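Undergrad: The opening residue of the sequence shown carries number 1 in our numbering; numbering runs sequentially from there.
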Amino acid sequence: MRKIITFVLCTLYLCTLSAAPRRVHTIGDSTMSDYKPAATPKRGWGMYLQVFFNQDSIEVNNRGKSGASTRTFYETENLWPSVKRQMKAGDYLIIQFAHNDEKCKGEDVYVQNAKLRAEGKDTLTDMRGTEPNTTYKQYLRKFINEAREMGVKPILMSPICRAYFKDGKINEEGRHNLTSERMNELKNEGDKDYVRCMREVAEEMQVPFLDMTERTREMYESEGQEICMKRYFNCGDKTHTGQEGGMLNAHLAYLLIKNSPELAELHHLVALPPIEVSVAYIRSIEEKGRREAFNAQGMPYKTTIKNAKMHNMQLSRNRYMPLGGVWPAGEIDEVANRYIEYTITAEKKKGLVIESIYLPVKAIGGPGMNIHINYGFGDEFRNVTTIYENTALPKNQEISVSLNYPILVPAGQTIHIRILPWYDSNGKGQSGKFLQLGAMKITGKKLL
Numbered sequence: 001m002r003k004i005i006t007f008v009l010c011t012l013y014l015c016t017l018s019a020a021p022r023r024v025h026t027i028g029d030s031t032m033s034d035y036k037p038a039a040t041p042k043r044g045w046g047m048y049l050q051v052f053f054n055q056d057s058i059e060v061n062n063r064g065k066s067g068a069s070t071r072t073f074y075e076t077e078n079l080w081p082s083v084k085r086q087m088k089a090g091d092y093l094i095i096q097f098a099h100n101d102e103k104c105k106g107e108d109v110y111v112q113n114a115k116l117r118a119e120g121k122d123t124l125t126d127m128r129g130t131e132p133n134t135t136y137k138q139y140l141r142k143f144i145n146e147a148r149e150m151g152v153k154p155i156l157m158s159p160i161c162r163a164y165f166k167d168g169k170i171n172e173e174g175r176h177n178l179t180s181e182r183m184n185e186l187k188n189e190g191d192k193d194y195v196r197c198m199r200e201v202a203e204e205m206q207v208p209f210l211d212m213t214e215r216t217r218e219m220y221e222s223e224g225q226e227i228c229m230k231r232y233f234n235c236g237d238k239t240h241t242g243q244e245g246g247m248l249n250a251h252l253a254y255l256l257i258k259n260s261p262e263l264a265e266l267h268h269l270v271a272l273p274p275i276e277v278s279v280a281y282i283r284s285i286e287e288k289g290r291r292e293a294f295n296a297q298g299m300p301y302k303t304t305i306k307n308a309k310m311h312n313m314q315l316s317r318n319r320y321m322p323l324g325g326v327w328p329a330g331e332i333d334e335v336a337n338r339y340i341e342y343t344i345t346a347e348k349k350k351g352l353v354i355e356s357i358y359l360p361v362k363a364i365g366g367p368g369m370n371i372h373i374n375y376g377f378g379d380e381f382r383n384v385t386t387i388y389e390n391t392a393l394p395k396n397q398e399i400s401v402s403l404n405y406p407i408l409v410p411a412g413q414t415i416h417i418r419i420l421p422w423y424d425s426n427g428k429g430q431s432g433k434f435l436q437l438g439a440m441k442i443t444g445k446k447l448l
C-alpha cells in the first residue's frame with residue numbers, strides 16, 4: 001500500500017484542455033474537499049481521485065466543502081445549486097456526508113433548539129446537525145431524486161472513519177454510530193448509526209452503496225494507531241488527513257468503484273496509473289488563466305478595509321463572538337454560516353489583481369481559537385477557496401497574517417474575503433473567548 005501511495009502522492013488534478021464527455025461529481029465535507037497546499041497540510045481524498053480515472057473520458061469535479069452537512073450543503077446557494085448547474089445527463093454523483101451531520105450528537109438541530117427554547121435557553125446558530133433516521137435520510141433522498149431528474153447516476157458512499165482508536169480498533173463513534181450503550185442493549189431501532197441509515201436509503205432507492213467506512217476501518221486497523229496518526233492523520237486532529245491519508249483514501253474509493261458490479265459501466269474508465277507518474281503539480285486551466293492575468297500590466301492598487309460585516313456573530317469592544325456569546329461544543333471545523341467578511345469590488349471595465357493580504361489577528365481568553373480565511377465571488381459566494389488556516393492561534397498574542405496569494409477579481413465583480421472562526425471546546429460550550437481583528441490591508445494592481 002505504501003508503494004502505491006508513494007508513486008502518486010504528489011500528483012494532483014490531471015487536467016486537459018478538452019472537456020471530458022462525462023463527469024464524476026463528488027459532494028461531501030472537509031474529508032473530501034480540495035485544499036491549497038500553501039494554506040494547510042490537510043488533503044481531502046477527492047483531490048486525488050482524478051488520477052485513477054481515464055482523464056480523456058472522465059473528469060472529476062470535486063465539490064466537497066469543509067464544514068458541510070447534508071442540510072447546509074443542500075440549502076447553501078454556492079454548494080448544491082451550483083453543482084446542479086454543472087451536472088448533465090450521463091454524469092455520476094458521489095455523495096458522502098456524516099461528519100458534520102453529527103454536530104448535535106445524532107439529534108436534529110431544530111429538535112434540539114425546540115428543547116432549548118422550552119427551557120428558556122439560547123438556541124444554537126449552527127444548523128448542521130441532522131438526525132440519521134429522519135432528516136439525514138431526507139436530505140440524501142433529495143440529492144438522489146434531483147440528480148436522477150437530470151439523468152445523473154447517484155452513488156452513496158459512506159464517510160471515512162475518524163481515527164478514534166480503542167484497544168487497537170476504531171470505536172463506534174469513529175465509525176459514525178452515535179448510539180448509546182443503553183440503546184444498543186435495547187436494540188432500539190431509533191439508534192444513531194449514520195452508515196446504517198445511508199445503506200437503508202441506498203436499498204430503498206436502489207442506489208449503489210460503497211462502504212468507505214468499513215474499508216477505511218479495515219485499513220486503519222491493519223496499519224495500527226501509531227502509523228495512522230503519524231502518516232495519515234498528521235493534521236492535528238483525528239478527522240482530517242494529510243497527503244498520504246488523502247491519497248490512501250482516494251485509492252480505497254477507486255477500489256470500491258472498480259469492484260462494484262453496479263458500476264460496471266465505469267470499470268473501463270478506471271485504472272491504476274503507471275508507476276512512472278511524474279512528480280509535479282499540474283495546475284488547472286482556471287489557474288493558468290489567472291497567471292496570465294497576473295503578468296498583465298496594471299496600475300498599483302492599495303486599500304485598507306476597517307469595517308467588516310458579520311453573519312451569526314456579534315461584536316463587543318472590537319471583539320467577535322458567536323451570537324449569544326458561547327462557542328458551541330464539539331466543533332472541529334469551520335461553520336459556513338458564521339463569519340466576518342470583507343468585500344472589494346473591481347471597476348466595471350477594469351479587473352483587479354490582489355497580490356497580498358495583511359490582517360492582524362488576536363485570540364483572547366483561551367488557546368482553542370481556530371480560523372479559516374476563504375474567498376469567493378458575488379452574493380452567492382461562488383468558487384470558494386481556502387487561502388489560510390490556523391488551528392493553533394496563541395492565547396492573547398497578536399499575530400500578523402500576511403498572504404502573498406494572487407487572486408484575480410474580474411471587472412465589475414465583487415470578492416468576499418471571509419474569516420471563519422471556531423473554538424476547540426473540549427466537548428463543552430465556551431464563553432469568555434473572543435477573536436479580535438485589525439484592519440485588512442490589500443495591495444495589488446488594477447488591470448489596464
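Ideal placement from N, C-alpha and C gives every residue a C-beta, glycine not left out. Model, not experiment: these values are computed from the prediction.
Output needed for T345: all residues of its chain with C-beta closer than 6 Å, excluding positions within five of it in sequence on either side, in chain order.
TA: Counting only Cβ-Cβ distances below 6 Å, and skipping sequence neighbours, we find T414.
Undergrad: According to DSSP, is I257 helix, strand or coil?
TA: Of the three classes helix, strand and coil, the one that applies to I257 here is helix, per DSSP.
Undergrad: Label I427 either buried or exposed according to how many other C-beta atoms from any shown protein chain fall within 10 Å of its C-beta, with 16 as the threshold for buried.
TA: Just to set this straight, residue 427 is Gly in the shown sequence, not Ile. When all chains shown are included, G427 counts as exposed.
Undergrad: In or out: R117 buried (at least 16 other Cβ within 10 Å) or exposed?
TA: So R117 ends up on the exposed side.
Undergrad: Residue range of the alpha helix (DSSP H) that Y139 falls in?
TA: It spans 137-149 - the alpha helix (DSSP H) in which Y139 sits, taken as one unbroken run.
Undergrad: Run through DSSP, which three-state label would T443 get?
TA: T443: strand per DSSP, three-state reduction.
Undergrad: Where do the ends of the beta strand (DSSP E) carrying S400 lie?
TA: Counting along the chain, the beta strand (DSSP E) containing S400 begins and ends at 399-403.
Undergrad: Between V111 and E214, what straight-line distance do the alpha-carbon atoms span, to the nearest angstrom?
TA: Those two C-alpha atoms are separated by around 30 Å.
Undergrad: Are the segment 382-392 and the segment 39-53 touching, with three or more C-beta to C-beta distances below 8 Å?
TA: The segment 382-392 vs the segment 39-53: in contact.
Undergrad: Is it the case that the Cβ atoms of D122 and R22 are separated by a distance below 7 Å?
TA: Cβ distance not < 7 Å, so D122 and R22 don't count as in contact.
Undergrad: State the Cα-Cα distance for the pair E131 and I95, rounded to the nearest angstrom.
TA: Between E131 and I95, the C-alpha separation is close to 17 Å.
Undergrad: Going straight from the alpha carbon of A296 to that of F377, what length do you get?
TA: Looking at the two C-alpha atoms, the distance is approximately 21 Å.
Undergrad: Who does T390 pair with in a DSSP beta bridge?
TA: Before going further, note that residue 390 is Asn rather than Thr in the sequence given. In DSSP, N390 forms a bridge with I371.
Undergrad: Considering only the alpha carbon of each residue, which of L140, R175, A253 lies closest to M205?
TA: It is L140.
Undergrad: Would the beta-carbon of N234 fall within 7 Å of that of G242?
TA: Taking 7 Å as the Cβ cut-off, N234 and G242 qualify as a contacting pair.
Undergrad: Cβ of T343 within 7 Å of Cβ of H268?
TA: No, the Cβ-Cβ distance between T343 and H268 is not below 7 Å.
Undergrad: Within 10 angstroms of its Cβ, does K187 collect 16 or more other Cβ (buried), or is it exposed?
TA: Low local confidence applies: a pLDDT of 46 at K187 is under 50, so the model's placement there is unreliable, with the coordinate-based value given in what follows. Exposed, by the Cβ-count rule.
Undergrad: So, is L448 buried or exposed, given that buried needs 16 or more other C-beta atoms within 10 angstroms?
TA: By the neighbour-count rule (16 or more Cβ atoms within 10 Å), L448 is not buried but exposed.
Undergrad: Would you say P159 and A98 are within 7 Å of each other, going by their C-beta atoms?
TA: Yes, the Cβ-Cβ distance between P159 and A98 is below 7 Å.
Undergrad: How would you call M150, buried or exposed, if buried means at least 16 neighbouring beta carbons within 10 angstroms?
TA: Exposed, since its Cβ has fewer than 16 Cβ neighbours within 10 Å.
Undergrad: Exposed or buried, what is N100 when buried is set at 16 or more other beta-carbons lying within 10 Å of its beta-carbon?
TA: Buried: at least 16 other Cβ atoms inside 10 Å.
Undergrad: Considering just the uninterrupted stretch of the alpha helix (DSSP H) at V361, what are its terminal residues?
TA: Counting along the chain, V361 falls outside any alpha helix (DSSP H), though it belongs to the beta strand (DSSP E) covering 352-364.
Undergrad: Mapping the DSSP letters down to three states, classify F73 as helix, strand or coil.
TA: F73: helix per DSSP, three-state reduction.
Undergrad: If you draw a straight line from the alpha carbon of D108 to that of G438, how long is it in whole angstroms?
TA: Their backbone Cα atoms lie some 37 Å apart in a straight line.
Undergrad: Given that a residue counts as buried once 16 or more other Cβ atoms are within 10 Å of its Cβ, and exposed if not, what is E244?
TA: So E244 ends up on the buried side.
Undergrad: Would you check if the distance between the CB atom of L403 and the CB atom of V353 is smaller than 7 Å?
TA: No. Outside cutoff.
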